[in-house]
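Number of protein chains: 4
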Amino acid sequence: MITIISGTNRSNALSLKLSRIYQKFLNNLDAPSQIIDLSELPPDFAFSALYEQSGRNKLFNVFRQQMKDSDKFVYIVPEYNGSFPGILKTFIDGLEFPVSFQNKKCALVGLSAGVQGAGLALSHLTDIFNYCGMHVLALKPKLAQIEENMDVEKEEITNPLYKELIEMQARQLVAF
Amino acid sequence: MITIISGTNRSNALSLKLSRIYQKFLNNLDAPSQIIDLSELPPDFAFSALYEQSGRNKLFNVFRQQMKDSDKFVYIVPEYNGSFPGILKTFIDGLEFPVSFQNKKCALVGLSAGVQGAGLALSHLTDIFNYCGMHVLALKPKLAQIEENMDVEKEEITNPLYKELIEMQARQLVAF
Amino acid sequence: MITIISGTNRSNALSLKLSRIYQKFLNNLDAPSQIIDLSELPPDFAFSALYEQSGRNKLFNVFRQQMKDSDKFVYIVPEYNGSFPGILKTFIDGLEFPVSFQNKKCALVGLSAGVQGAGLALSHLTDIFNYCGMHVLALKPKLAQIEENMDVEKEEITNPLYKELIEMQARQLVAF
Amino acid sequence: MITIISGTNRSNALSLKLSRIYQKFLNNLDAPSQIIDLSELPPDFAFSALYEQSGRNKLFNVFRQQMKDSDKFVYIVPEYNGSFPGILKTFIDGLEFPVSFQNKKCALVGLSAGVQGAGLALSHLTDIFNYCGMHVLALKPKLAQIEENMDVEKEEITNPLYKELIEMQARQLVAF
Chain A
1 MITIISGTNR
11 SNALSLKLSR
21 IYQKFLNNLD
31 APSQIIDLSE
41 LPPDFAFSAL
51 YEQSGRNKLF
61 NVFRQQMKDS
71 DKFVYIVPEY
81 NGSFPGILKT
91 FIDGLEFPVS
101 FQNKKCALVG
111 LSAGVQGAGL
121 ALSHLTDIFN
131 YCGMHVLALK
141 PKLAQIEENM
151 DVEKEEITNP
161 LYKELIEMQA
171 RQLVAF
Chain S
1001 MITIISGTNR
1011 SNALSLKLSR
1021 IYQKFLNNLD
1031 APSQIIDLSE
1041 LPPDFAFSAL
1051 YEQSGRNKLF
1061 NVFRQQMKDS
1071 DKFVYIVPEY
1081 NGSFPGILKT
1091 FIDGLEFPVS
1101 FQNKKCALVG
1111 LSAGVQGAGL
1121 ALSHLTDIFN
1131 YCGMHVLALK
1141 PKLAQIEENM
1151 DVEKEEITNP
1161 LYKELIEMQA
1171 RQLVAF
Chain Z
2001 MITIISGTNR
2011 SNALSLKLSR
2021 IYQKFLNNLD
2031 APSQIIDLSE
2041 LPPDFAFSAL
2051 YEQSGRNKLF
2061 NVFRQQMKDS
2071 DKFVYIVPEY
2081 NGSFPGILKT
2091 FIDGLEFPVS
2101 FQNKKCALVG
2111 LSAGVQGAGL
2121 ALSHLTDIFN
2131 YCGMHVLALK
2141 PKLAQIEENM
2151 DVEKEEITNP
2161 LYKELIEMQA
2171 RQLVAF
Chain H
3001 MITIISGTNR
3011 SNALSLKLSR
3021 IYQKFLNNLD
3031 APSQIIDLSE
3041 LPPDFAFSAL
3051 YEQSGRNKLF
3061 NVFRQQMKDS
3071 DKFVYIVPEY
3081 NGSFPGILKT
3091 FIDGLEFPVS
3101 FQNKKCALVG
3111 LSAGVQGAGL
3121 ALSHLTDIFN
3131 YCGMHVLALK
3141 PKLAQIEENM
3151 DVEKEEITNP
3161 LYKELIEMQA
3171 RQLVAF
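Protein chains in written order, with our numbering: chain A, 1 to 176; chain S, 1001 to 1176; chain Z, 2001 to 2176; chain H, 3001 to 3176.
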């Protein structure tokens, strides 16, 4: 089971649409997957599910268990202020350590309205996941100017290079 | 007015103690300062004060205004999972852009229970602040094994090198 | 005196052309400058001017002195293999430490044939210069797809945004 | 065949000693290996073996071929000026791209006289290798204060934690 994390809690986020698009690529490879949408996290989880409260928030525990039970992950990461969204790191800070990460494998996808495609965000996340003992696939597509390169209504990527990169990454993750 | 940000919402955090210690160093330089303690943020601010809710959370707006009105900052940054706490980035994601950052100046201090002193966290934050247009002082003390190097009760740094680095950084920030 | 470093030893490098373009911007601000072209380094300097040979290569010492005597720098950084050219870091490794860096100031410009504009290179260099005690200007133009955005013959930038960013950065460096 | 790269051209480098120590760990796992010592590179290779000279330096071509023929690598990386040695990146810049990297696997080890253990160097290198299409093992031992933690004469690591980390990493690389 591959878990796809839509890396923001913004409503109607393109990250969530891209998560569903990624899921279709995985379906084509007969790889079962599920999506975790950070917009569904309990709104106060940063205060009720971390540190000494760790494990005590029943709603957050459902997400925690899903993450603990998965061996492979796809992180869909929008660029906020030159890096990943804070909420994504807070989510990571709330997971059981190191069992949620150690010797697991993940694929990272960056997206941005601007021209950088979240390149620095993916670099920062690689540092974090490697620190936590999780291997990161070398290929990390950086989907710059995402709005011009997807059909938001149909939930399709229109840029053929972007499509090819994601297909390649999905295949690599399944084989990783 | 220099604003010191205690970079975590963990209760009784060493970051808050270090913020108060840093404030004493600034007092000695006759530099007025205030502390923002992230543990006092509204618990659901990640969902009620960002994106389309930006500016609508009155409690969060008080913090926003303080950040907007300051020109210089000290960030006290504990190491969580090989980087900064997610809550700190979420706080940054909630600030008014770019007016809270552009052409302002900041000093970064890292701390960790382990041996790294939040080195990668400070690198990631530098990327973020530079992206936002804020200059970062080159000197970034990395206070590794912080518990062995401070008197937690008396709120004093006991390691003379750590003390010297912070004194030097505080002086540089005032002159920056 | 501002020293502009053309960050590669490749012959006829675009970095050198951009260094001359940058110099014109500085001329317009009445800021005197000089260019150091890494293609003019002694070819074996990595073996004859570093470590225990430090200071013994007379040809390299000329560059060393120029760097030691300057207070402000512009680094023109092409993207090689996802970061800066190795030769640029070797050049830095050969400089007198810390007097060539400590409390000095620099501006970084990235360029690439591809779409990233050397973003990671500039992040890595910022880490290095901050470690060495040199302040880095927050604004770091990333000149992606440089060949399509300059007139190589006339040595002019044609992309108006790129021009504006460099003008702004040059002004900031002079005032830094 | 695993290739171990001693990541500096400094004579009598600790990196070379650590490369030999690492080789013993691989021997214990019956994993054949060879060492590339950057101090044996042709002194002018940065000018005679890169860019338009690529492939024309017969001495450098021997190293190039070894790198092209290997599937797994160990990089022993000393900390120079807050990152990896420039010579190491220049060596990488001289390799055949992408065939020397694509879908290959590597392990990174950092060392430093100081307390950081080349943490940033390993982060920067991870960015570079991932860009080049090479997977990097998550576990990256950071051997801080290396001189106090090894017996230089006997070429042995004395710090039991360092030993354990390298043993673990070597095992993971063989299985990667």
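We treat Cβ as the ideally placed atom computed from N, Cα and C, and that holds for glycine.
Since residue i sits in a beta bridge, which residues does DSSP pair it with?
i               : result
D3151 (chain H) : H:E3156
Y2177 (chain Z) : Chain Z is shown from 2001 up to 2176; residue 2177 (chain Z) falls before or after that span and cannot be answered.
V3109 (chain H) : H:I3076
L2143 (chain Z) : Z:L2111
S3033 (chain H) : H:I3002
V3174 (chain H) : According to DSSP, which records beta bridges pairwise, V3174 (chain H) is partnered with nothing at all.
V1136 (chain S) : S:C1106
Taking 7 Å as the limit between beta carbons, can you name the residues of its chain near residue i, skipping five residues before and five after?
i               : result
F84 (chain A)   : G7, V77, A121, H124, L125
M1150 (chain S) : E1156, I1157, T1158
P3061 (chain H) : Rather than Pro, the amino acid found at residue 3061 (chain H) in this sequence is Asn. Around N3061 (chain H): G3055.
Q2172 (chain Z) : L2137, L2139
V174 (chain A)  : L29, A31
E167 (chain A)  : F25
A1046 (chain S) : T1090
F1129 (chain S) : F1101, C1106, V1136
Compare the Cα-Cα distances from residue i to each of the options and report the closest residue.
i               : options                            : result
K3154 (chain H) : H:Q3053, H:F3129, H:S3011, H:K3017 : H:K3017
Q2145 (chain Z) : Z:G2114, Z:S2033, Z:N2027, Z:S2048 : Z:G2114
K1142 (chain S) : S:H1135, S:Y1162, S:M1150, S:T1158 : S:Y1162
Q3034 (chain H) : H:I3004, H:Q3065, H:E3096          : H:I3004
G110 (chain A)  : A:D30, A:L14, A:I128               : A:L14
A138 (chain A)  : A:S112, A:V152, A:L108, A:A118     : A:L108
L2165 (chain Z) : S:G1133, S:M1001, S:F1091          : S:G1133
F2091 (chain Z) : Z:L2173, Z:H2135, Z:Y2075, Z:D2127 : Z:Y2075
E2147 (chain Z) : Z:Q2172, Z:I2128, Z:G2117          : Z:G2117
F170 (chain A)  : A:N130, A:Y51, A:L29               : According to the sequence provided, residue 170 (chain A) is Ala. The question's Phe does not apply to it. If we check each option's Cα against that of A170 (chain A), A:L29 comes out closest.
S1070 (chain S) : S:A1175, S:S1100, S:D1127          : S:S1100
I2087 (chain Z) : Z:D2044, Z:R2020, Z:S2019          : Z:D2044
Y1131 (chain S) : S:M1067, S:A1175, S:E1052, S:D1093 : S:D1093
L1988 (chain Z) : Z:Q2065, Z:P2098, Z:M2001          : Because chain Z is modelled from 2001 through 2176, residue 1988 (chain Z) falls outside the range shown and cannot be assessed.
M67 (chain A)   : A:E52, A:P98, A:Q172, A:V174       : A:P98
E1052 (chain S) : S:F1176, S:E1096, S:E1167          : S:E1096
Provide the residue span of the alpha helix (DSSP H) that contains residue i, from first to last.
i               : result
V2062 (chain Z) : 2058-2069
L1122 (chain S) : 1119-1131
K3024 (chain H) : 3014-3028
F3047 (chain H) : 3045-3048
Keeping to the same chain, check which residues put their C-beta closer than 6 Å to that of residue i; ignore five residues upstream and five downstream.
i               : result
F1073 (chain S) : T1003, C1106
E3079 (chain H) : S3112, A3118, A3121
K2104 (chain Z) : D2071, M2134
G2082 (chain Z) : L2120
Keeping to the same chain, check which residues put their C-beta closer than 8 Å to that of residue i; ignore five residues upstream and five downstream.
i               : result
Q3023 (chain H) : I3004, S3033, I3035
S2039 (chain Z) : S2006, T2008, N2009, R2010, S2011, A2013, L2016
P1042 (chain S) : S1048, A1049, N1057, L1059, F1060
R2020 (chain Z) : I2035, E2155
Q1177 (chain S) : The structure shown does not extend to residue 1177 (chain S), since chain S spans only 1001 to 1176, so no value can be given for it.
V1152 (chain S) : L1014, K1017
D1037 (chain S) : S1006, L1016, S1019
Starting from residue i and walking both ways along the beta strand (DSSP E), at which residues does that stretch end?
i               : result
S1006 (chain S) : 1002-1006
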